[in-house]
Amino acid sequence: MSATVQTLPATSSRRGLGIAPARLTARAVSAWFGDHKVLERVSLDMAPRRVTALIGPSGCGKSTFLRILNRMHELVPSASLAGTVELDGLDIYRGPRSTTETRKRIGMVFQKPNPFPAMSVADNVLSGLKLSRMKLSSRAERRELVEHALGRAGLWNEVKSRLETPGGALSGGQQQRLCIARALAVRPQVLLMDEPCSALDPTSTRRIEDTIAEISEEVTVVIVTHNMQQAQRVSHDCAFFLAGENEPGYIVESGTTEKMFSEPDDTRTLDYVRGRFG
Amino acid sequence: MTTASTELRIERETQALEDRVRFRRLDVDDAMPVCGAGLSAFCLVWLVYERLTPLSGGLGFWLSWYGVFLAVHWLVVRERSGPLAAADRLATVVLTTAGLCLLVPLTLIVGYTAYRGWAALRPTFFVKDLRYTGSLSKATDGGGAHAIVGTLEQVGLAVLISVPLGVATAVFLNEVGGRLARPVRLIVDTMSAIPSIVAGLFIFAVIVLTFGQNGFAGALALSVLMLPTVTRTSEVVLRLVPGGLREASLALGASEWRTTRDVVLPTARPGLATAVILGVARAIGETAPLLLTIGGAFVMNADPFHGKQDALPYFVYRLIRFPQNAQVQRAWTGALVLLALVLVLFVIARIIGGRGPGHAGPFKRRRRRRLDMKEHA
Chain A
1 MSATVQTLPA
11 TSSRRGLGIA
21 PARLTARAVS
31 AWFGDHKVLE
41 RVSLDMAPRR
51 VTALIGPSGC
61 GKSTFLRILN
71 RMHELVPSAS
81 LAGTVELDGL
91 DIYRGPRSTT
101 ETRKRIGMVF
111 QKPNPFPAMS
121 VADNVLSGLK
131 LSRMKLSSRA
141 ERRELVEHAL
151 GRAGLWNEVK
161 SRLETPGGAL
171 SGGQQQRLCI
181 ARALAVRPQV
191 LLMDEPCSAL
201 DPTSTRRIED
211 TIAEISEEVT
221 VVIVTHNMQQ
231 AQRVSHDCAF
241 FLAGENEPGY
251 IVESGTTEKM
261 FSEPDDTRTL
271 DYVRGRFG
Chain B
1001 MTTASTELRI
1011 ERETQALEDR
1021 VRFRRLDVDD
1031 AMPVCGAGLS
1041 AFCLVWLVYE
1051 RLTPLSGGLG
1061 FWLSWYGVFL
1071 AVHWLVVRER
1081 SGPLAAADRL
1091 ATVVLTTAGL
1101 CLLVPLTLIV
1111 GYTAYRGWAA
1121 LRPTFFVKDL
1131 RYTGSLSKAT
1141 DGGGAHAIVG
1151 TLEQVGLAVL
1161 ISVPLGVATA
1171 VFLNEVGGRL
1181 ARPVRLIVDT
1191 MSAIPSIVAG
1201 LFIFAVIVLT
1211 FGQNGFAGAL
1221 ALSVLMLPTV
1231 TRTSEVVLRL
1241 VPGGLREASL
1251 ALGASEWRTT
1261 RDVVLPTARP
1271 GLATAVILGV
1281 ARAIGETAPL
1291 LLTIGGAFVM
1301 NADPFHGKQD
1311 ALPYFVYRLI
1321 RFPQNAQVQR
1331 AWTGALVLLA
1341 LVLVLFVIAR
1351 IIGGRGPGHA
1361 GPFKRRRRRR
1371 LDMKEHA
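As they're listed, the protein sequences go chains A and B.
Letter by letter, the first sequence follows residues 1 to 278 of our numbering.
Letter by letter, the second sequence follows residues 1001 to 1377 of our numbering.
Printed below as a string of structure tokens:
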């Protein structure tokens, strides 16, 4: 796998927004849909150059929390929230940055692969730049970026001969890696992944996990996963979410993955990671 | 290359030798009961109608035949394959009949128009107008060029007015929404119920009384009719665009306008082409809104903004009421040309709307070429 992943060319390291992976800090974040509270004062520090996994049973607010981190939560009409989220010390909700600027810096990969069907593979990769009005002057530069981003996502060798085919013509696993390439092409400082492998076969899952390991040097990764082995394999830090019946979700405990999986402070964490409930 | 194609051929030949199970092939076992039931039902009904009872009449005969045919067919299949298969077959036969029945009027309309119109269809119909053609000239004299030009211009203008407006409204209803969306949707729905003559009257009162009759007034009246169709169809099409695509675009840092322009609308393009087709279909055959607005003419007038114009439906409507056979013949030819025009427009819309992603149209191709040249320079 690592043979297909290219190292960062010197010229492109300064391109785009991402200067360095950033620290993302959530402080006492609560969230509501209408009057229904779904998150209860969640605080979490997501360190740069590390992969943070959010684990926990379904419906405990992991995805909501992830969507709060790049302002996707507010797309739901009745949604509201409290608390602060800071990207390198700047509050993303009350700070000086615009919503689009924030989302450019904090990319997202969704559970279901969603390449733009009306665009070719290459255009899909470049879509983030086109959509957010970042300019690439020459075609050579574009080609280099397409190759680089697809290479980072471990997809270049499979699609280099059909860059002009529609993005929807790829297989499910390839589509998801295309979405990762698309998110990486904007050069975000943080990449959020919402169960990126839940719809994929083991081989594709493996490749995406390799990709995560490769990119964690350049971008802060936060991943939601239901797969305990995956959390153990890819993440450095771990946060365990839990919610009682009809109660908002909260973080039971967080820490390094090693500690969380071997000797957590809370017995519920141990039960969950050992597969005894959830 | 050569070895690959040889391998492919060998593979194809081996495939031909394999014994393949073919699904959905018309089976003798399925066809025989249908034929047999049809025949026996015919004999039975004939016996009852012609020999045993004093019944008569073609419609009753064939309706009875169809009823008896269904019953016999059901019984036969039930004997052979059980009641479940019999019900299945019965449904298949009834639905097939329904489909064929629906085809009948369509074929009749198109076929009869073609039959009546064909006689006077000459190439001159597409180039001449009725300037030098009187009621007593031959049917092949003159032509409908002025009406064709009028229809194309009026419908073209109506498309230019109603499609941007309709798609914009659909985008508002679907992507912007808010409190105003409900009343707007209600008004659009109400608009689709406007009788076409009322649309014509409205334009007559507002535009024609001031500016006089011309093609543009007709186009406005047609737009009133097209707008709700285009809007509602576009709205449905936009709603089919998966929400995940919008989220993906927003998550990349796109504004909502860029998301709509670069992701939602291109994804919905084939469906939007359908919306345009349905709008044109609604408008192109309308006579009533044109009656009061375009004025009608026998002379070519290619300027839709000044002077009276003709349109194909109007051309047909006026000529068909003449007592002279030649004029009536000309009207049928006009009707046939109108049908052909609709077909051509639909094919064009399908080609434009159905092009795959990544397809480079003439503009995009030219731009790419220019960029290439710039880079080499």
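All C-beta atoms, glycine included, are put in the ideal place defined by N, C-alpha and C.
So, for residue i: in the same chain, excluding its five sequence neighbours on each side, which residues have a beta-carbon less than 6 Å away from its beta-carbon?
| i | result |
| --- | --- |
| Thr7(A) | In this prediction, Thr7(A) has a pLDDT of 40, which is less than 50 and means its spatial position is unreliable; what the coordinates show is noted afterwards. Closer than 6 Å at Cβ, skipping near neighbours: no residue. |
| Leu1055(B) | Tyr1049 |
| Phe1061(B) | Tyr1049 |
| Ser216(A) | Val51 |
| Glu1235(B) | Ala1170, Leu1173, Asn1174 |
Interface residues of chain A around residue i at Cβ under 7 Å?
| i | result |
| --- | --- |
| Thr1274(B) | Simply none; closest approach about 16 Å. |
| Leu1245(B) | Asn114, Phe116 |
| Arg1258(B) | Leu131 |
Residues in the same chain with beta-carbon distance under 8 Å from residue i, minus the five sequence neighbours each way, listed in chain order, please.
| i | result |
| --- | --- |
| Leu1336(B) | Thr1113, Ala1114, Arg1116, Gly1117, Trp1118, Leu1121 |
| Gly275(A) | Met228 |
| Lys1138(B) | Ala1326 |
| Thr267(A) | none |
| Ala199(A) | Gln111, Lys112, Pro113, Gly172, Gln176 |
Under 8 Å Cβ-Cβ, which residues of chain B neighbour residue i?
| i | result |
| --- | --- |
| Val186(A) | Leu1252, Gly1253 |
| Glu101(A) | Gly1253 |
| Met72(A) | Glu1247, Leu1250, Ala1251 |
| Lys104(A) | Leu1252, Gly1253 |
| Leu75(A) | Glu1247, Leu1250 |
Run through chain B and tell me which residues come within less than 7 Å of residue i, C-beta to C-beta.
| i | result |
| --- | --- |
| Ser132(A) | Leu1252, Gly1253, Ala1254 |
| Met108(A) | Ala1251 |
Taking Cβ to Cβ, would you say residue i is nearer than 8 Å to residue j?
| i | j | result |
| --- | --- | --- |
| Leu1290(B) | Gly1200(B) | yes |
| Ala153(A) | Thr64(A) | no |
| Phe1383(B) | Pro1304(B) | Given a span of 1001 to 1377 for chain B in the structure shown, any question on residue 1383(B) remains unanswerable. |
| Val146(A) | Leu131(A) | no |
| Ser1162(B) | Ala1288(B) | no |
| Leu192(A) | Ile106(A) | yes |
| Gly1166(B) | Val1230(B) | yes |
| Leu54(A) | Val273(A) | no |
| Ile1284(B) | Val1155(B) | yes |
| Arg233(A) | Glu209(A) | yes |
| Thr1339(B) | Val1110(B) | The question names Thr, yet the displayed sequence has Leu at residue 1339(B). For Leu1339(B) and Val1110(B), yes; Cβs fall inside 8 Å. |
| Val1072(B) | Ala1041(B) | yes |
| Phe1204(B) | Thr1293(B) | yes |
| Gly1143(B) | Lys1128(B) | yes |
| Gly1334(B) | Val1316(B) | yes |
| Phe261(A) | Gly56(A) | no |
| Ala1147(B) | Ala1302(B) | no |
| Val222(A) | Val190(A) | yes |
| Ser37(A) | Pro196(A) | Note that residue 37(A) is Lys in the sequence shown, not Ser. It is not a contact, given that the beta carbons lie outside the stated cut-off. |
| Val1237(B) | Gly1271(B) | yes |
Taking Cβ-Cβ distances shorter than 8 Å, what residues in chain A pair up with residue i?
| i | result |
| --- | --- |
| Asp1262(B) | Ser127, Lys130, Leu131 |
| Thr1267(B) | Phe116, Pro117, Ala118 |
| Pro1378(B) | Only positions 1001 to 1377 of chain B appear in this structure, which leaves residue 1378(B) out of reach. |
Apart from the five residues just before and just after residue i, which ones in its own chain have a Cβ nearer than 7 Å to its Cβ?
| i | result |
| --- | --- |
| Leu129(A) | Leu136, Ala185, Val186 |
| Ile42(A) | For the record, residue 42(A) in the displayed sequence is Val; it is not Ile. Contacts found: Ala26, Val29, Phe65, Tyr250, Ile251. |
| Thr1259(B) | Arg1246, Ser1249, Leu1250 |
| Val76(A) | Phe33 |
| Ser1379(B) | There is simply no residue 1379(B) to check, as chain B begins at 1001 and stops at 1377 in what is shown. |
| His1306(B) | Asn1214 |
| Glu1018(B) | none |
| Thr1053(B) | none |
Answer yes or no: does any C-beta atom of chain E fall closer than 8 Å to that of residue i?
| i | result |
| --- | --- |
| Asp1262(B) | The question asks about chain E, but that chain is absent: this structure's protein chains are A and B. |
Problem - Entirely enclosed beta strand (DSSP E) segments - the region 85 to 171 of chain A, minimum 3 residues - result: 106 to 109
Problem - Stretch-stretch touch, CB-based, cutoff 8 Å, three pairs: the region 1176 to 1185 of chain B with the region 1261 to 1278 of chain B - result: no
Practice task
Jot down the residue ranges of each uninterrupted alpha helix (DSSP H) in the region 1311 to 1356 of chain B, minimum 4 residues, whole runs only, in chain order.
Solution key: 1312 to 1319, 1325 to 1353
Problem - Start-end ranges of the alpha helix (DSSP H) lying completely within the region 1249 to 1314 of chain B, minimum 4 residues - result: 1256 to 1259, 1269 to 1284, 1288 to 1291
Problem - Segments of 4+ residues assigned as alpha helix (DSSP H) that fall wholly inside the region 181 to 224 of chain A - result: Listed in chain order, the complete alpha helix (DSSP H) runs (minimum 4 residues) inside the region 181 to 224 of chain A are 202 to 215.
Exercise for the section: Determine, using beta-carbon pairs with one atom in the region 1191 to 1199 of chain B and one in the region 1332 to 1352 of chain B, whether at least three such pairs fall under 8 Å. Expected result: no
Handout entry: Every unbroken beta strand (DSSP E) within the region 1030 to 1087 of chain B, with a cutoff of 3 residues, ordered by chain
Key = none
Exercise for the section: Check whether the region 148 to 165 of chain A touches the region 113 to 124 of chain A, taking contact to mean three or more Cβ pairs, one atom from each stretch, closer than 8 Å. Expected result: yes
Exercise for the section: Tell me, please, whether the region 1026 to 1037 of chain B touches the region 1065 to 1083 of chain B by the rule of three or more beta-carbon pairs shorter than 8 Å. Expected result: yes
Handout entry: Complete runs of the alpha helix (DSSP H) confined to the region 1176 to 1238 of chain B [at least 4 residues]
Key = 1181 to 1191, 1196 to 1203
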